[in-house]
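If you read the sequences in order, they're chains P and R.
Residues 1041 to 1460 in this note's numbering are what the first sequence lists, from first letter to last.
Residues 15 to 247 in this note's numbering are what the second sequence lists, from first letter to last.
I have placed the structure first, in the form of structure tokens, so that the comments after it can refer back to it.
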Amino acid sequence: MAQLGIREYKAKKMLSKVLKDYSLGKISYSGKVILVKPETNFSKLLKKNSWLKKEKLVVKPDMLFGKRGKLGLIGLNFNYSQIQKWIQEKTNKKIKINKTEGYLTHFIIEPFVPHNEEYYISIQSERDRDIIYFSYKGGIEIEDNWDKVMEIPVSLSDRIDDINLDKYLKDDKNRDILKVFIKSIYKYFIDYNFSFLEINPFTFIDEKIIPLDMVAKVDDTASFESTKLWGDDIEFPSPFGRALTKEEEYIKNLDENTGASLKLTLLNPEGKVWTMVAGGGASVIYADTISDLGFGSEMANYGEYSGNPSTDETYEYAKTVLDLMTRKKVTKGKVLIIGGGIANFTDVAKTFTGIIKALEKYKDKIKKNNIRIYIRRGGPNYQEGLRKIKAVGEELGIPLEAYGPETHMTEIVKLAVDTL
Amino acid sequence: MNNYEIFNKNTQSLIFGLQVKAIQRMLDFDYLIQREKPSVTAIVNTTRDGFHKVFFGKKEILIPIYKNIKEALKNHKKIDTMINFSSFRSAFETTMTGLEEKQIKTVIVIAEGVPERKARIIAQKAKDLNKWVIGPATVGGIVAGQFKIANTGGTIDNIISSKLNKSGSVGFVSKSGGMSNEMYNVIARNTDGIYEGIAVGGDAYPGSTIYEHLIRYEKNPKIRMIVMLGFFS
């Protein structure tokens, strides 16, 4: 479950479909916005969207990071061939955003709209209410002008149509249209299960609203009820510069196709301390302990397996970790910490069967790479699980120690790193 | 029962969903602590009513199964707790139905994946009705020696070695169910054991927060030490 960022392109496209209905016909947004991906063919794109040749355009990366103006990553007032040239330039070189390096792959193209007013609106949720933030002074300096932002609270039981917005708005020609727009954006926020939505800035040209910049996150647990609204093409891109390795991708796929949870992130593939921990809570504690004992920089991976995964799923997970660990031999070898608390209902013997299968498959590599294994676990059938895995360790001749609940959960971290 | 207590040795519960293992584990606990009557009084199974066979000690007993919450509660007026095993798709509706029933004071929502807005509405409903919701995305919790929620605490040998069958002095609360069970063990090795432990679940908007349980523990004279694993957010 998570609040996941979606592309600006998608947030704008979805809005363009419903704004007229939400505003009872009073406001519309053309949704003239294009997403350029690595596989995009520029001539086909032009054939489908002839307006690209007729209007001046804006281009910027659409990859879930902001401050693109300040980073020099906005192309303004271009024609279509200038757009193509700009995109080609930008995709070819590695760039650094904050401290992260990566390549630009996705871009958004829209009409260039000269305008005067820049308004700000965002909506965020708190436990018992949502807050609509609105300002007449939107734009890139919004943070410096935050004192001019008005907060409009909407409790869970309020109906937005019943809220009087007059006290928040100047009595000028735009008041009525702003009232309608704020209420429409709120309905969009609720119906589409956004957890965060920001349009900074937006402007009006006649009765048309132009969102110039949009940031949106949806509640991905709502996908079973919102997927019809979101559409099949909704993407939840990884943050910039964080393309998944093929092993992380593999585990992610396993995770998506099971009710269990399987998570793996590579931190330092050359690291000497590897973990396979049961449960999100425990995995954080093990990572903390490894760092506390001074081996933070040697921590190779972070992740967890939980929710009673099958023997096969555990096997695939363990295999992936063992494969990554045994690619390069180092002096003093490496340690694998197979840890966890006392499970409530996961069958420990069952999950250990999967781990045992992986140890059998990798026994030669484990020995060759001087890998030492430390296990600690409790829960249903833990005695059988520990007994079996100890027996396998002896049988295969690999250095393996296994402990139950009588040993403190993170004791094995000390035992492991003391050998490095 | 005082206002700082949610469950005790007389709590009777309705299990929504025919969760065979969880139900048997609750009855094993009930038998171990010598409860007069099992803590599971009725079950809701939307597809089939009838009876469910379980062991209460060595004796086989039957627990009635109903097709909906209203019917189950109509026939068992002493049930005040609902342990809801609905999937994330229907957990919102069934939890709200449970909360709206006058005799239900507490709903535990096991499902992981309840949409955030729905979870907030549940929390608000509980607050408006002065009732308790634990979860979503939780394994539950336990009042040592009195009442065990579903799969909390695992098997009987863990219940005994973590002293969960006897009343201790420590009040424990955390987000994580897995780490709660580990902590019951650590606490049992270093004190007279827990009085009560609650896992509020991993969601952004739990039905009851860590803070709310801490306040409740503070009022309970039987709790002499409070332990929290996690962080305030």
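In this text, a Cβ means the ideal position worked out from N, Cα and C, and glycines have one as well.
Quantities reported herein were computed from a predicted structural model and do not represent experimental measurements.
P:K1094 burial status per 10 Å Cβ neighbour count (16 or more: buried): Label assigned to P:K1094: exposed.
Based on Cα-Cα distance, which residue from P:T1366, P:K1292 and P:I1067 lies nearest to P:E1344? In this structure, P:K1292 is the residue among P:T1366, P:K1292 and P:I1067 with its C-alpha nearest to the C-alpha of P:E1344.
Under 6 Å Cβ to Cβ from R:S176, same chain only, skipping five residues before and after it: list those, please. Shown here for R:S176: same chain residues with a beta carbon closer than 6 Å to its own, the five before and five after excluded, namely Y198, N199 and A202 in chain order.
How about R:E107: is its C-beta nearer than 7 Å to some C-beta of chain P? For R:E107, the nearest beta carbon of chain P is not closer than 7 Å to its own beta carbon.
Who are P:L1044's beta bridge partners in DSSP? Its beta-bridge partners are P:V1258.
Verify the CB distance criterion: does P:L1196 have a CB-CB separation below 7 Å to chain R? So yes, P:L1196 belongs to the interface.
With P:M1316 as the anchor, note down where its beta strand (DSSP E) starts and where it stops. Here the beta strand (DSSP E) through P:M1316 covers V1313 to A1318.
Measuring straight from C-alpha to C-alpha, what distance separates R:N16 and R:T111? Between R:N16 and R:T111, the C-alpha separation is close to 25 Å.
How many Å lie between P:S1331 and P:K1312 at the Cα? Going by the C-alpha atoms only, they are around 13 Å apart.
Just to confirm the assignment, what range does the beta strand (DSSP E) spanning R:A164 have? Per DSSP, R:A164 is not a residue of any beta strand (DSSP E), being assigned neither H nor E.
Taking P:P1277 as the reference, give the member of P:G1380, P:P1101 and P:M1449 with the closest Cα. Distance from the Cα of P:P1277 is smallest, within the candidate group P:G1380, P:P1101 and P:M1449, for P:P1101.
Just how far apart, CA to CA, sit P:S1197 and P:F1264? So the two alpha carbons sit approximately 23 Å from each other.
Could you tell me which residues DSSP pairs with P:Y1422 in its beta bridges? P:Y1422 is not bridged to any residue.
P:W1186 - partner residues in DSSP beta bridges: P:W1186 is bridged by DSSP to nothing; it lacks a bridge partner.
Backbone secondary structure at P:V1098 - three-state DSSP: Correct three-state label for P:V1098: strand.
Measuring only the C-alpha atoms, how far is P:S1070 from P:N1132? Distance between the alpha carbons of P:S1070 and P:N1132 is about 32 Å.
Which residue comes first and which comes last in the beta strand (DSSP E) that contains P:N1117? If you look at P:N1117, you'll find it in the beta strand (DSSP E) that goes G1115 to F1118.
Considering R:V157, what are the terminal residues of the beta strand (DSSP E) in which it resides? Annotation: the continuous beta strand (DSSP E) that includes R:V157 extends over G155 to V157.
Note down, in chain order, each residue of its chain lying with its Cβ closer than 6 Å to the Cβ of R:I47, except the 5 sequence neighbours on either side. Closer than 6 Å at the Cβ level, and outside the excluded window around R:I47, lie G159 and N179.
Could you give the distance in angstroms between the alpha-carbon of R:Y209 and the alpha-carbon of R:F106? For R:Y209 and R:F106, the distance between alpha carbons rounds to 30 Å.
Using 7 Å as the threshold, is the C-beta distance between P:E1158 and P:P1251 below it? It is not a contact, given that the beta carbons lie outside the stated cut-off.
P:I1135 lies in the beta strand (DSSP E); which residues open and close that run? Element bounds for P:I1135: I1135 to I1137.
Are the CB atoms of P:E1150 and P:V1098 nearer to each other than 7 Å? In contact: P:E1150 and P:V1098 (Cβ atoms closer than 7 Å).
Under 7 Å between C-beta atoms, does R:S190 make it to chain P? Chain P contact via Cβ: present.
Please name the residue in R:K23, R:A218 and R:L243 whose C-alpha comes closest to that of R:A137. Of all alpha-carbon atoms in R:K23, R:A218 and R:L243, the one lying nearest the alpha-carbon of R:A137 is that of R:A218.
Is DSSP giving P:N1240 helix, strand or coil here? Here P:N1240 sits in strand by DSSP.
Expected contact under 8 Å - CB spacing of R:F102 and R:E130 to nearest Å: About 12 Å separates the beta carbons of R:F102 and R:E130, which is beyond the 8 Å limit, so they are not a contact pair.
If you run the structure through DSSP and keep just helix, strand and coil, what is R:S183? In this structure, R:S183 counts as coil in the three-state DSSP scheme.
I want to verify the contact list: residues of chain P whose CB lies under 9 Å from the CB of R:M40, in sequence order. The premise fails here: R:M40 is roughly 12 Å from chain P at the closest Cβ pair, so nothing lies under 9 Å.
Apart from the five residues just before and just after P:F1234, which ones in its own chain have a Cβ nearer than 8 Å to its Cβ? The beta carbon of P:F1234 is closer than 8 Å to those of I1163, Y1228, A1256, K1257, V1258 and D1259 in its chain, skipping five residues each way along the sequence.
Per DSSP, P:K1248 is paired with what? Paired residue(s): P:S1068 and P:I1245.
Indicate whether R:S222 and R:V147 have their beta-carbon atoms separated by less than 7 Å. R:V147 sits close to R:S222, with the two beta carbons spaced by under 7 Å.
If you draw a straight line from the alpha carbon of P:I1452 to that of R:E196, how long is it in whole angstroms? Cα to Cα, the separation comes out at about 15 Å.
Quick check on this structure: which residue in R:G191, R:G244, R:F186 and R:S190 has the alpha carbon closest to the alpha carbon of R:L228? For R:L228, the nearest C-alpha among the options comes from R:F186.
Looking only at its own chain, which residues have a Cβ that is under 7 Å from the Cβ of P:L1075, when we skip the five neighbours before and after it? Here the set comprises R1047, Y1049, D1102, H1146 and I1148.
I'd like to know whether the C-beta atoms of P:E1289 and P:L1304 end up nearer to each other than 7 Å. Note that the C-beta distance between P:E1289 and P:L1304 is not below 7 Å.
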